[in-house]
Every structure is written in C-alpha cells, then in structure tokens.
Amino acid sequence: MNKTVNQKAWFFVIPVFVLVAFNAIIPLMTVVNYAFQETFGNNVFMWEGTRWFKQIMLSERFHASLGRQFLFTFIILFIQIPLGIAIALTMPKEGLGVPVCLVLMSMPLLIPWNVVGAMWNIFALPDIGFLGHSLNALGFDYNFTQQIGDAWFTTILMDVWHWTSLVVLLSYAGLRSIQPAYYQAAEIDGASRWAVFTKIELPKMKKVLTIAILLRFMDSFMIYTEPFVLTGGGPGNATAFLSIDLVKMALGQFDLGPAAAMSLIYFFIVLLVCWVFYTLMMRNEEKS
Amino acid sequence: MKKAKWLVPTIYIIFLMLPIYWLLNMSFKTTTEIINTYTLWPQEFTLENYKKIFTDSTWYNGYLNSIYYVVMNTVISVAAALPAAYAFSRYKFVGDKHLFFWLLTNRMAPPAVFALPFFQFYSSVNLFDTHVAVALSHCLFNIPLAVWILEGFMSSVPKELDETAYVDGYSFWRFFFKIFIPTITAGIGITMFFCFMFSWVELLLAKTLTAVAAKPIAATMTRTASTSGYELGLLAAAGSLTIVPGAIVIYFVRNYIAKGFALGRV
Numbered sequence: 001m002n003k004t005v006n007q008k009a010w011f012f013v014i015p016v017f018v019l020v021a022f023n024a025i026i027p028l029m030t031v032v033n034y035a036f037q038e039t040f041g042n043n044v045f046m047w048e049g050t051r052w053f054k055q056i057m058l059s060e061r062f063h064a065s066l067g068r069q070f071l072f073t074f075i076i077l078f079i080q081i082p083l084g085i086a087i088a089l090t091m092p093k094e095g096l097g098v099p100v101c102l103v104l105m106s107m108p109l110l111i112p113w114n115v116v117g118a119m120w121n122i123f124a125l126p127d128i129g130f131l132g133h134s135l136n137a138l139g140f141d142y143n144f145t146q147q148i149g150d151a152w153f154t155t156i157l158m159d160v161w162h163w164t165s166l167v168v169l170l171s172y173a174g175l176r177s178i179q180p181a182y183y184q185a186a187e188i189d190g191a192s193r194w195a196v197f198t199k200i201e202l203p204k205m206k207k208v209l210t211i212a213i214l215l216r217f218m219d220s221f222m223i224y225t226e227p228f229v230l231t232g233g234g235p236g237n238a239t240a241f242l243s244i245d246l247v248k249m250a251l252g253q254f255d256l257g258p259a260a261a262m263s264l265i266y267f268f269i270v271l272l273v274c275w276v277f278y279t280l281m282m283r284n285e286e287k288s
Numbered sequence: 001m002k003k004a005k006w007l008v009p010t011i012y013i014i015f016l017m018l019p020i021y022w023l024l025n026m027s028f029k030t031t032t033e034i035i036n037t038y039t040l041w042p043q044e045f046t047l048e049n050y051k052k053i054f055t056d057s058t059w060y061n062g063y064l065n066s067i068y069y070v071v072m073n074t075v076i077s078v079a080a081a082l083p084a085a086y087a088f089s090r091y092k093f094v095g096d097k098h099l100f101f102w103l104l105t106n107r108m109a110p111p112a113v114f115a116l117p118f119f120q121f122y123s124s125v126n127l128f129d130t131h132v133a134v135a136l137s138h139c140l141f142n143i144p145l146a147v148w149i150l151e152g153f154m155s156s157v158p159k160e161l162d163e164t165a166y167v168d169g170y171s172f173w174r175f176f177f178k179i180f181i182p183t184i185t186a187g188i189g190i191t192m193f194f195c196f197m198f199s200w201v202e203l204l205l206a207k208t209l210t211a212v213a214a215k216p217i218a219a220t221m222t223r224t225a226s227t228s229g230y231e232l233g234l235l236a237a238a239g240s241l242t243i244v245p246g247a248i249v250i251y252f253v254r255n256y257i258a259k260g261f262a263l264g265r266v
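These protein sequences, in sequence, are chains B and H. If you use my numbering, the first sequence closes out at 288, no skipped numbers anywhere. If you use my numbering, the second sequence closes out at 266, no skipped numbers anywhere.
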C-alpha cells in the first residue's frame with residue numbers, strides 16, 4: 001500500500017510509546033546501571049566499567065548455557081517446522097474436521113506455561129506417569145530426573161507438544177490463501193505432488209513460515225517456566241538454558257553485576273538474530 | 001495415499017491429548033491412589049480435589065486474580081494499539097520503521113532479563129502486588145503483538161474506504177469508530193484473543209510482581225507444590241481448571257484463529 005506522509009500520525013502512536021517505554025526503558029536502564037557497577041546494597045554504587053562483561057564473556061558457565069540454548073533452539077526448529085508443514089498439508093480443508101482440528105490443536109497453546117511443565121512432569125514420571133511408565137515397561141531405562149539424555153528428550157518432546165501447533169496453524173493459514181486455480185493449472189500440466197509442493201505451496205507459505213521461525217526462535221530462546229517446572233534445570237545443569245541460568249544468578253546468588261551484564265549480552269544476541277529475520281520478512285512483504 | 005491422509009492429524013491430536021488426559025485422570029484420583037498405584041483411569045473416582053479449590057479462598061482467588069489482570073491487560077493493550085496500528089498501516093512518519101522494530105524488540109525481550117528490575121521499579125512506584133502492576137507489565141509484550149496483528153489486518157483494508165468516507169463528509173473519528181472499526185471486528189477479536197492468551201500463560205512476571213493480594217493461580221500452584229508436600233491430585237485439578245478459560249475463548253475465535261496466528265498477513 002502506498003502510504004501518505006503525515007507527521008501527525010505520531011499522536012496516534014504516543015499511547016503505545018508511553019506504555020511500552022514505561023515498561024521497557026526504565027527497567028532496561030536499571031539493568032544497564034547494574035551491569036557497569038558494583039553494589040553492596042543501600043544504593044551505594046561503585047563504577048566497574050566493563051569488568052562484568054569481560055567476566056561473563058570469558059566464563060565457562062555462560063558458554064555452556066549459551067551452547068545448550070542454541071542446541072535446544074536448533075533441535076526444536078528442526079523438528080517443529082517440517083512437522084508443522086506436514087500436518088498442515090494433511091489437515092482437512094472443509095467440513096466438520098476443520099474446526100475440530102483447529103480447536104483441539106490450539107489447546108496446548110492456551111495452557112499456562114507452568115501447568116505445561118507440571119503436566120509433563122506428571123506425565124513423564126517413571127513410576128506413575130504414562131510416558132515414563134510405558135517407556136520403562138517397553139524395556140527402556142528411562143528416568144528424566146537423573147539421566148541427561150532423558151531430560152533432554154523429555155524437554156524437547158514437551159516443546160514439540162506445546163508449540164508445533166503454532167507452526168501448523170500458520171502453515172494452514174498460508175495454504176488456505178492459495179487460489180484453487182493454481183492447483184487446477186498444476187493438474188492440467190500433470191505436475192507431480194512434489195512439484196506442487198515446491199513450486200506452488202512452499203512459495204506461498206514463505207511469508208508465514210518466516211513469521212513461524214521468528215516466533216519460535218524468540219520464544220524458544222527465552223524459554224524459562226516449562227523446563228524450570230519440569231526438570232528445574234537438572235540433572236545438574238544439563239537443561240539450564242539461558243533464562244534459567246540467569247534467574248539463578250540474579251535471584252538465587254544475587255550476583256547482580258554479572259547477571260545484568262549477562263542480561264544485556266543475552267538480549268543483544270536475541271536482537272541480532274531477530275533483526276536478520278525481520279529484515280528478511282519485510283523484504284518478502286515489499287516484494288509481494 | 002488419499003485414504004491415509006487423515007491419519008497424520010489424528011495421530012498428532014492423540015499425541016496432544018495424552019498429557020491432558022493424564023492430568024485430568026490424576027485430578028480425579030485420591031492422593032493415596034496416585035502415589036501407591038499406576039492406573040490408567042481413576043479406581044476411586046473423587047471430586048474432593050475440585051471441591052477443595054472451589055471452597056478454599058486462596059485457590060479460587062488465584063483464578064479471580066488471574067482473570068482480573070488478564071482482562072485489564074487485554075483492554076489496555078487493544079485500546080492503545082488501535083490508533084497506533086492505524087498510523088503504521090496508513091501513514092509514513094519520521095522514525096516509523098525504527099519505532100516498529102523497537103516495539104517488536106520488546107516482544108523479543110526475555111522476561112527473565114526484566115524480572116528483577118520490574119520488581120524494584122514497581123515497588124518504588126507503590127504498585128507492587130496490585131492487579132494493575134501485572135496488567136501494565138504484560139503490556140511490554142502484548143502491545144507490540146497487538147500492534148503487529150492489527151497492522152496486518154488494517155493493511156488489508158483498501159485505503160479507498162478511508163478516502164470515500166472523507167469525501168462523504170465523515171470526520172476522522174466518526175469514520176474510525178463508525179466505519180473502520182466495524183470492518184476489522186474479526187481482527188480486533190483475534191487480537192484480544194492473543195492478548196488474553198499471552199497474558200494468561202505468562203507466569204514469571206506475574207509471580208515476581210505479586211505477593212498476596214493479586215497472586216495469580218499459577219503462582220498459587222507453584223507455591224503449593226513446594227510447601228505442602230506434594231499434593232499431586234490437587235495440583236492436577238488446579239491445572240485442569242486453568243485449561244478451561246482458554247478452551248472457551250478458543251471456541252469463539254475458531255474460524256479466524258489460523259489467520260490470526262499469521263498475524264493477519266495472509
């Protein structure tokens with residue numbers, strides 16, 4: 001759409017600007033404040049410069065939790081995006097099946113995150129949970145509170161359970177926007193199912209898939225509540241992702257300086273990756 | 001191939017329903033049954049857990065508190081986002097693109113980063129442990145989302161609609177409320193749904209900003225889990241009840257939900 005230049009439009013944006021700035025800028029400045037200073041309480045601060053940043057950047061603990069975070073995010077994107085597309089392709093296109101599928105599939109998205117964690121905890125407990133009990137009955141030695149591999153498996157399965165529907169719904173919305181004429185033309189040309197998918201469906205889904213990847217990246221990168229309730233970051237630190245580690249440092253040990261420095265580095269990484277996605281998305285939008 | 005097509009969504013839905021079934025199953029069991037035996041359905045069916053939640057004020061107040069701040073947040077977010085989204089979808093102005101991205105960065109900000117400063121900040125303005133505090137803090141991620149979705153829906157309304165209305169002698173505000181808002185009702189509904197959803201499921205900030213008076217149900221649950229031993233049946237019942245509001249709102253927006261998740265951009 002060609003937009004008209006109108007500086008008065010700023011007045012429309014002011015309420016949003018004020019509300020978000022109130023919540024974002026003031027607390028962010030507090031974090032910046034802590035990141036460069038040392039405090040012993042009572043509002044006494046000493047300038048520390050970049051000491052906390054150097055400490056965090058060089059600490060193995062940060063490298064480990066950052067590594068775990070990236071690994072987790074990549075695995076869940078790798079599973080959820082193809083799986084979500086596959087489910088969307090096989091979903092019914094009309095009739096009673098549509099609302100049934102949509103409502104049932106959206107259910108996990110609306111459950112409070114700590115309930116998701118608690119639910120999976122109960123579900124996966126080796127003695128009384130359905131998943132844990134079944135796996136052990138099948139001969140697997142499964143215990144997610146003690147074995148690192150099992151803890152990862154359960155956390156990833158939980159995230160797939162929780163969020164794949166988001167990708168399904170997005171892809172489904174993309175597929176629905178394709179005109180039937182495209183499919184008819186493909187049929188006349190005798191195109192294979194694969195050709196229809198790569199030449200018609202995938203390009204049409206490009207826009208929604210970018211949104212899906214962007215949302216899934218952001219949310220999985222800041223995941224906190226679900227693994228916290230499920231595994232508590234354990235066994236040991238095996239599932240202590242960035243947010244869990246950060247809260248441990250800030251509220252558990254009260255290392256405010258390093259925690260604030262870590263927050264800023266953390267936030268910066270998220271911003272950088274999202275900026276790349278966002279630019280790609282906007283370019284897509286301008287093209288179409 | 002054609003016949004087996006329904007198999008994939010069916011298996012997926014069964015996979016989705018299993019943990020939910022297990023939660024419901026637990027909620028109808030007695031604590032002794034949960035701990036001592038493994039049963040696929042309740043042997044001694046009991047409603048005790050639910051009875052406790054509906055009669056104990058610390059429990060049902062948790063639900064009321066949550067609903068209270070969630071509704072407050074939804075109203076604030078959508079009301080503020082409507083004019084802003086209109087501005088972004090119709091006009092060019094200094095810094096519009098930067099502002100839009102800045103708004104989105106707040107949707108990206110990990111709540112864990114903000115937990116401690118939020119606590120200090122809201123304490124210092126005497127809003128700690130109020131519903132307003134939680135409602136306002138959730139604006140951090142809900143307003144950007146609302147602007148994003150509404151902007152998508154508004155951009156798909158042709159600009160000729162605005163121009164014709166002005167030619168017909170409508171003032172801006174009359175056009176906005178009488179013509180524009182009714183044309184994007186679906187978009188507004190879906191935005192409200194999303195604000196409701198993200199405020200309802202968030203726990204970290206809600207827990208940090210409350211102590212007693214405005215404590216959300218999710219926090220009541222985690223505190224019960226750690227203090228009074230491990231009453232799994234009660235926790236399962238409380239968890240099952242948190243699914244209800246979501247299931248109700250989702251039913252109302254079922255026809256628009258796919259478009260909504262695409263942020264109105266299909």
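Glycine is no exception: its CB is placed at the ideal position from the N, C-alpha and C atoms. All values reported here derive from a predicted model rather than from experimental measurement.
List the residues of chain B whose Cβ lies closer than 8 Å to the Cβ of residue i, in chain order.
| i | result |
| --- | --- |
| H:L99 | V13, F17 |
| H:F121 | I26, P27, T30 |
| H:P42 | Under the 8 Å cutoff, chain B gives no residues; its nearest Cβ is about 13 Å from H:P42. |
| H:I34 | I128 |
| H:L140 | V20, N23, A24 |
Can you tell me which of the three DSSP states residue i falls into?
| i | result |
| --- | --- |
| H:K52 | helix |
| B:Q184 | helix |
| B:M107 | helix |
| H:E44 | coil |
| B:A238 | coil |
| H:Y170 | coil |
| H:V157 | coil |
| B:L138 | coil |
| B:D245 | helix |
| B:L96 | coil |
| B:D127 | coil |
| H:Y38 | coil |
| H:F128 | coil |
| H:N106 | helix |
List the residues that DSSP assigns as beta-bridge partners of residue i.
| i | result |
| --- | --- |
| B:W47 | B:Q37 |
| B:T4 | H:Y91 |
Give the residues of chain B in contact with residue i, contact being defined as C-beta atoms less than 7 Å apart.
| i | result |
| --- | --- |
| H:S137 | N23 |
| H:I143 | V16, L19, V20 |
| H:P117 | P27, T30, V31 |
List, in chain order, every chain B residue whose beta-carbon is nearer than 9 Å to that of residue i.
| i | result |
| --- | --- |
| H:R174 | Result: empty, since nearest Cβ-Cβ is about 16 Å, beyond 9 Å. |
| H:V75 | The premise fails here: H:V75 is roughly 12 Å from chain B at the closest Cβ pair, so nothing lies under 9 Å. |
| H:Y69 | Here the premise fails: no neighbours, minimum Cβ distance about 13 Å. |
Do we get a CB-CB distance below 8 Å when we pair residue i with the residues of chain B?
| i | result |
| --- | --- |
| H:Y86 | yes |
| H:P19 | yes |
| H:N106 | yes |
| H:I250 | yes |
| H:P111 | yes |
| H:K51 | no |
| H:M197 | yes |
| H:G246 | yes |
| H:S228 | Model confidence at H:S228 stands at a pLDDT of 48, short of 50, so the residue's coordinates are unreliable; what they give is reported in the following sentence. No, H:S228 does not count as interfacial toward chain B. |
Starting from residue i, find everything on chain H with Cβ-Cβ shorter than 8 Å and list it in chain order.
| i | result |
| --- | --- |
| B:M91 | P9 |
Any beta carbon of chain H sitting closer than 8 Å to that of residue i?
| i | result |
| --- | --- |
| B:A86 | yes |
| B:L209 | no |
| B:H133 | yes |
| B:A195 | no |
| B:L136 | The sequence shown places Asn at residue 136 of chain B, rather than the Leu named in the question. B:N136 does not count as touching chain H. |
| B:I111 | yes |
| B:W161 | yes |
| B:I76 | no |
Give the interface partners of residue i over in chain H, defined as CB-CB distance under 7 Å, in chain order.
| i | result |
| --- | --- |
| B:K3 | R90, Y91, K92 |
| B:T231 | Within chain H, no residue comes near B:T231; the closest Cβ sits about 14 Å away, beyond 7 Å. |
Since residue i meets chain H, which of its residues come closer than 9 Å, beta carbon to beta carbon?
| i | result |
| --- | --- |
| B:V276 | Those do not exist, as B:V276 stays about 12 Å from chain H at its closest Cβ, beyond 9 Å. |
Would you call the stretch 176 to 191 of chain H in contact with the stretch 147 to 158 of chain H, where contact means no fewer than 3 C-beta pairs closer than 8 Å?
yes
Contact between the stretch 137 to 152 of chain H and the stretch 62 to 81 of chain H (3+ Cβ pairs under 8 Å):
By the criterion of at least three beta-carbon pairs nearer than 8 Å, the stretch 137 to 152 of chain H is in contact with the stretch 62 to 81 of chain H.
Are the stretch 12 to 27 of chain H and the stretch 102 to 110 of chain B in contact at 8 Å, needing three or more beta carbon pairs?
yes
Say whether the stretch 232 to 240 of chain H touches the stretch 25 to 34 of chain H, bearing in mind that this needs 3 or more beta-carbon pairs closer than 8 Å, one atom from each stretch.
yes
Check whether the stretch 80 to 96 of chain B and the stretch 237 to 254 of chain B are in contact - that is, three or more C-beta pairs closer than 8 Å.
no
Do the stretch 204 to 220 of chain B and the stretch 159 to 172 of chain B touch if we need at least three Cβ pairs shorter than 8 Å?
Touching, per the Cβ criterion.
For the stretch 109 to 126 of chain H against the stretch 45 to 63 of chain H, do three or more pairs of beta-carbon atoms, one drawn from each stretch, fall closer than 8 Å, so that the two count as touching?
no
Evaluate contact between the stretch 19 to 26 of chain H and the stretch 171 to 187 of chain B, counting only Cβ atoms and requiring at least three cross-stretch pairs below 8 Å.
no
Spell out a yes or no on whether the stretch 277 to 287 of chain B and the stretch 200 to 211 of chain B are touching, meaning 3 or more CB-CB pairs, one atom from each, closer than 8 Å.
Segments in contact, yes.
Cβ pair count under 8 Å reaching 3, the stretch 117 to 130 of chain B against the stretch 225 to 233 of chain B
Yes, they touch.
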